[in-house]
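Report on the structure given below.
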Amino acid sequence: MKKIPYGIDDFDLVIKQGYYYIDKSEYIRKVEERCNYILLVRPRRMGKSLFTNMLLSYYDINKKDQFDTLFGNLAIGKNPTEWANKFVVLRLDFSQVGSGTDNLEKDFNTYCFSKLADYFDRYKHLYTEKEIERVMSLDVVKHAFGSLVDISKLKGLHTYLLIDEYDNFTNTILAARGVEAHEAITRGDGFYRSFFQGCKGTFERIFMTGVSPVTYDDLTSGFHIADVVALLPKFNQAIGVTETELRQIIEYYISEGAITRTPDDIIEEIKPWYDNFCFSDECYGVEPTIYNTDMVLRYIKELLLEGRSPKTMIDYAARTDPKKLDHLVLSEDLSNRERRIDIVKEICARGYITGMVEPEFPARDCGDEKNFKSMLYYYGTLTFGGWELGEPRLIVPNKNMGDLYLDYMLKLIEDQGFKLNGRYKELQFAIQKAAVDGEWKVMTDKIGEICKEYSSVRNAIRGEYDIQGFLRGLLCLNRFYDVWPELELGYGFSDILLVPRGNKECPTRFSYILEVKYINALPHGKSSESQLKSTIDTKIKEARTQLEKYIADHHLNDSALLRGTTLTPIYLIFHTHNLVAQGKLN
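Quick note on numbering that gives the first Met the number 0: the sequence shown kicks off at 0 and runs consecutively.
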């Protein structure tokens, strides 16, 4: 039986040692047809490194005798291109370059020369000792690479440069040291820019992967290295897992007797957590959405080894480094910081935002509104999810990314002076009482307490819209519920739906639908007290009317979302930061 290649990016090992391989070889031809220099960017943990290693094995002149073994059962093996096994290939992985030292250029050179040494060890039969010495004796990487290519051309050898994680260490520098440090190596006479200038026009083909085009924009200011294919429809499904591919994986292990659950049952559980990525606005609604590769493989591996789903469906390995998100939201660009924070809150409240994804922009402009949204897309926090008023709707793709994102939302609020401290455990207990015993008021009272006690956050909460995002940020940190915003019910959109996660360790008996109403601050005085009471009564009536419509919706009543729990409709009325009324429908 084939093994699951979770965390393995060595293509040869996957094929030769009998791991299950999701065939992406058809994209080799598309890469060739596109152009000779390509940059493909995708979020973390999607399968970029395995794709790069597939290209290495396909083009490597040393592996010609292994072609049938490696590719015979794959799509490209049945109809290979003319360039199969025609290149000497140099592969670099810049996630291996340190970014925390003061000797970055030296570390970069040391790494590159070590990979050159590996290259000559693999191709020593193609070069003389004198030629190898000539290259390795040079002090600067770009000169060494240039010399390597010159010698190779004279020998009639075709050269291919593969760079995985081209922006890994530069993004870390940007987050840790700021824009100036990033530009020092990527602009002007910076060593990284100089390196890429040296690569352009020397190697016959270059294929690079990364997370975003930011470093690329700085590197190529004034000259062009490669085509960025991040948003092109032809490459939408090059990285990741389609539902058809997922179903094939499940059916294979069912045929081997290793899985007893049905494909539909497994997909129903996985889909809300790991699906719904789309990397081209032209493909939304036309092609199936995409699952995160590592998330799927982690789930299947756990199912095979333990006979059950993972204890937690959240895959923390997919999380973007919090320091990078901190820099992105709270960067030196103070003029746009408040707007960026508002965007974060809007996404938390609605689950989406509208805006164009920019194909390229420099690090210095990451804080601009349109580029900030684009960076959230490139990090995988947002993805294409349709259109609204002529602009793409950028949605939080799934529960996994939503939970990780909302964790960050809560951290962001804390960074603004709002500290949960010991309140976290109290909130967890209150949510547990609501989930297991149906004591919903214990939960809502605690929420009201937190909002009132930390009233400094009221300046960051403006109206019902942001109250919802704040509440979601609080409620998402629990073991019992998934938090669903704006589910379409009864010709409207519910504010917050708390549905059971389905974990056996957290036996949930009650689910909740929350309708949140907000009342702005009123002037002090007796008349305002009377006005407030009247407004509260009006808001309660509005909330009850909406809840009645929601719970009458047959989609909710028939939905597997509730997992057999008792649905309790709750309304919460806030006056500024105070919870002034609450209740439930019978």
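Each residue gets a CB set at the ideal place from its N, CA and C atoms; glycine is no exception.
Legend entry - Alpha-carbon spacing of Phe391 relative to Tyr58, whole angstroms: As a working note, residue 391 is residue 392 in the sequence shown. As a working note, residue 58 is residue 59 in the sequence shown. Note that residue 391 is Pro in the sequence shown, not Phe. Rounded to the nearest angstrom, the two C-alpha atoms are 38 angstroms apart.
Inset, instruction - Starting from Ser510, trace the beta strand (DSSP E) both ways and give me its first and last residue. - result: As a first step, residue 510 is located in the sequence shown; it is residue number 511 there, counting from the start. Looking at the DSSP string, the run of the beta strand (DSSP E) that includes Ser510 is Phe509 to Ile518.
Legend entry - Three-state class that DSSP yields for His574 in the structure shown: Locating residue 574 in the sequence shown gives position 575, where the first residue counts as 1. Strand at His574.
Inset, instruction - Report the rounded CA-to-CA distance for Ile460 versus Ile539, giving the unit in angstroms. - result: As a position in the sequence shown, residue 460 is number 461, starting the count at 1. As a position in the sequence shown, residue 539 is number 540, starting the count at 1. Reliability fails at Ile460, whose pLDDT of 41 lies under 50, so the model's placement of it is uncertain and the value that follows must be treated cautiously. For Ile460 and Ile539, the distance between alpha carbons rounds to 21 angstroms.
Legend entry - Per-residue DSSP class, three states only, for Trp272: Here residue 272 corresponds to residue number 273 of the sequence shown, with the count starting at 1. The answer is helix: DSSP assigns Trp272 an H, G or I state.
Inset, instruction - Using only alpha-carbon positions, find the residue among His574, Asn577, Thr544 and Asp117 that is nearest to Leu584. - result: Looking up residue 584 in the sequence shown gives position 585. Selected option, being the one with the closest Cα: Thr544.
Inset, instruction - Specify, as a first and last residue, the run of the beta strand (DSSP E) that Thr564 falls within. - result: Within the sequence shown, the letter at position 565 stands for residue 564. Element bounds for Thr564: n/a, residue is neither H nor E.
Inset, instruction - Count the other CB atoms, across all protein chains shown, that sit within 10 Å of the CB of Phe428; report buried if there are 16 or more and exposed otherwise. - result: Position 429 of the sequence shown, counted from the start, is the residue given in the question as residue 428. It counts as exposed.
Legend entry - One or two residues paired with Met207 in a DSSP bridge: Start at 1 with the first residue of the sequence shown, and residue 207 comes out as number 208. Partner(s): Leu38 and Ile162.
Inset, instruction - Would you mind giving the Cβ-Cβ distance between Met53 and Ser94, rounded to the nearest angstrom? I have them listed as a contact below 8 angstroms. - result: On the sequence shown, position 54 is the one that residue 53 refers to. On the sequence shown, position 95 is the one that residue 94 refers to. Incorrect: roughly 18 angstroms between the Cβ atoms, too far for contact.
Inset, instruction - For chain D, find out if any of its Cβ atoms is closer than 8 angstroms to the Cβ of Tyr165; answer yes or no. - result: Note that chain D does not occur in the displayed structure, where there is just one protein chain.
Inset, instruction - For Arg586, name the three-state secondary structure that DSSP assigns. - result: Because the chain is modelled from 0 through 585, residue 586 falls outside the range shown and cannot be assessed.
Legend entry - Proximal residues to Phe194 (C-beta, below 7 angstroms), its chain only, five neighbours per side dropped: Taking the first residue of the sequence shown as position 1, residue 194 is located at position 195. For Phe194, where only same-chain residues beyond five positions count, the Cβ hits under 7 angstroms are Val140 and Lys141.
Inset, instruction - Taking all protein chains shown into account, decide if Ala116 is buried (16 or more other Cβ within 10 angstroms of its Cβ) or exposed. - result: Here residue 116 refers to the residue found at position 117 of the sequence shown. Exposed is the call here.
Inset, instruction - State the Cα-Cα distance for the pair Met374 and Asn170, rounded to the nearest angstrom. - result: The residue labelled residue 374 in the question sits at position 375 within the sequence shown. The residue labelled residue 170 in the question sits at position 171 within the sequence shown. Each residue's Cα considered, the two are about 12 angstroms apart.
Inset, instruction - Look up Asp188 in the DSSP assignment and say whether it is helix, strand or coil. - result: Working through the sequence shown from its first residue, we reach residue 188 at position 189. Correct three-state label for Asp188: coil.
Inset, instruction - Report the rounded CA-to-CA distance for Ile449 versus Leu561, giving the unit in angstroms. - result: Taking the first residue of the sequence shown as position 1, residue 449 is located at position 450. Taking the first residue of the sequence shown as position 1, residue 561 is located at position 562. For Ile449 and Leu561, the distance between alpha carbons rounds to 27 angstroms.
Legend entry - Enclosing beta strand (DSSP E) for Leu89 [first to last residue]: Residue numbering aside, residue 89 sits at position 90 when the sequence shown is read from its first letter. Here the beta strand (DSSP E) through Leu89 covers Phe86 to Asp92.
Legend entry - Closest by C-alpha distance to Lys123, when choosing among Val87, Ser146 and Gly145: Taking the sequence shown and counting its residues from 1, one reaches residue 123 at position 124. Of the candidates Val87, Ser146 and Gly145, the one whose C-alpha sits nearest the C-alpha of Lys123 is Val87.
Legend entry - Nearest-angstrom Cα separation, counted from Gly209 out to His181: Position 182 of the sequence shown, counting from 1, holds the residue named residue 181. Position 210 of the sequence shown, counting from 1, holds the residue named residue 209. Whole-angstrom Cα-Cα distance: 16 angstroms.
Inset, instruction - Could you check if His326 is buried or exposed, using at least 16 other CB atoms within 10 Å of its CB as the buried criterion? - result: In the sequence shown, residue 326 corresponds to position 327, counting from 1. So His326 counts as buried.
Inset, instruction - List the whole-angstrom C-beta distance separating Leu403 from Tyr5, where the pair is believed to meet the contact cut-off of C-beta under 8 angstroms. - result: The count along the sequence shown starts at 1 and reaches residue 403 at position 404. The count along the sequence shown starts at 1 and reaches residue 5 at position 6. Not quite, the Cβ-Cβ distance comes to about 19 angstroms (not below 8 angstroms), so this is no contact.
Inset, instruction - Would you kindly work out how many angstroms separate the C-alpha atoms of Pro506 and Phe360, rounded to a whole number? - result: Taking the first residue of the sequence shown as position 1, residue 506 is located at position 507. Taking the first residue of the sequence shown as position 1, residue 360 is located at position 361. Between Pro506 and Phe360, the C-alpha separation is close to 48 angstroms.
Legend entry - Close-in-space but distant-in-sequence residues of the same chain around Leu486 (CB under 6 angstroms, 5 per side omitted): For this step, residue 486 is matched to residue 487 along the sequence shown. Closer than 6 angstroms at the Cβ level, and outside the excluded window around Leu486, lie Ser493 and Leu496.
Inset, instruction - To the nearest angstrom, report how far apart Val456 and Arg41 are at their CA atoms. - result: On the sequence shown, position 457 is the one that residue 456 refers to. On the sequence shown, position 42 is the one that residue 41 refers to. For Val456, the predicted model reports a pLDDT of 44, less than 50, meaning its position is unreliable and no value from the coordinates is stated.
Legend entry - For Trp386, the three-state DSSP class (helix, strand or coil): The residue you call residue 386 lines up with position 387 of the sequence shown. It is a strand residue.
Legend entry - Per-residue burial, Tyr126 [other beta carbons within 10 Å of its own, 16 or more giving buried]: The count along the sequence shown starts at 1 and reaches residue 126 at position 127. By the 10 Å Cβ count, Tyr126 comes out buried.
Legend entry - Residue range of the beta strand (DSSP E) that includes Thr219: Stepping through the sequence shown from its first residue, residue 219 is reached at position 220. That residue, Thr219, is in no beta strand (DSSP E); it is neither H nor E in DSSP.
Inset, instruction - Return helix, strand or coil for Glu487, following the three-state DSSP convention. - result: Translated into positions along the sequence shown, residue 487 becomes position 488. The answer is strand: DSSP assigns Glu487 an E or B state.
Inset, instruction - Would you kindly work out how many angstroms separate the C-alpha atoms of His576 and Ile569, rounded to a whole number? - result: As a working note, residue 576 is residue 577 in the sequence shown. As a working note, residue 569 is residue 570 in the sequence shown. One C-alpha to the other measures close to 18 angstroms.
Legend entry - Whether Leu474 touches Ile512 by CB criterion (8 angstroms): Numbered from its first residue, the sequence shown carries residue 474 at position 475. Numbered from its first residue, the sequence shown carries residue 512 at position 513. It is not a contact, given that the beta carbons lie outside the stated cut-off.
Inset, instruction - Pull up the distance between the alpha-carbon of Gln581 and that of Arg500, whole angstroms please. - result: Against the sequence shown, residue 581 aligns to sequence position 582. Against the sequence shown, residue 500 aligns to sequence position 501. Near 25 angstroms, if we compare the C-alpha coordinates of Arg500 and Gln581.
Legend entry - Cβ contact (3+ pairs, closer than 8 angstroms) linking the region 304–322 and the region 153–160: no
Legend entry - Per DSSP, the bridge partner or partners of Ile352: In the sequence shown, counting from the first residue as 1, residue 352 sits at position 353. Looking at the DSSP assignment, Ile352 forms a beta bridge with Leu393.
Inset, instruction - Give the secondary structure of Glu286 by DSSP, where H, G and I count as helix, E and B as strand, and everything else as coil. - result: Translated into positions along the sequence shown, residue 286 becomes position 287. Strand.
Inset, instruction - Grab me the residues of Val629's own chain with a C-beta within less than 7 angstroms of its C-beta, minus the 5 sequence neighbours each way, in chain order. - result: Missing from the structure shown is residue 629; the chain here goes from 0 to 585 and no further.
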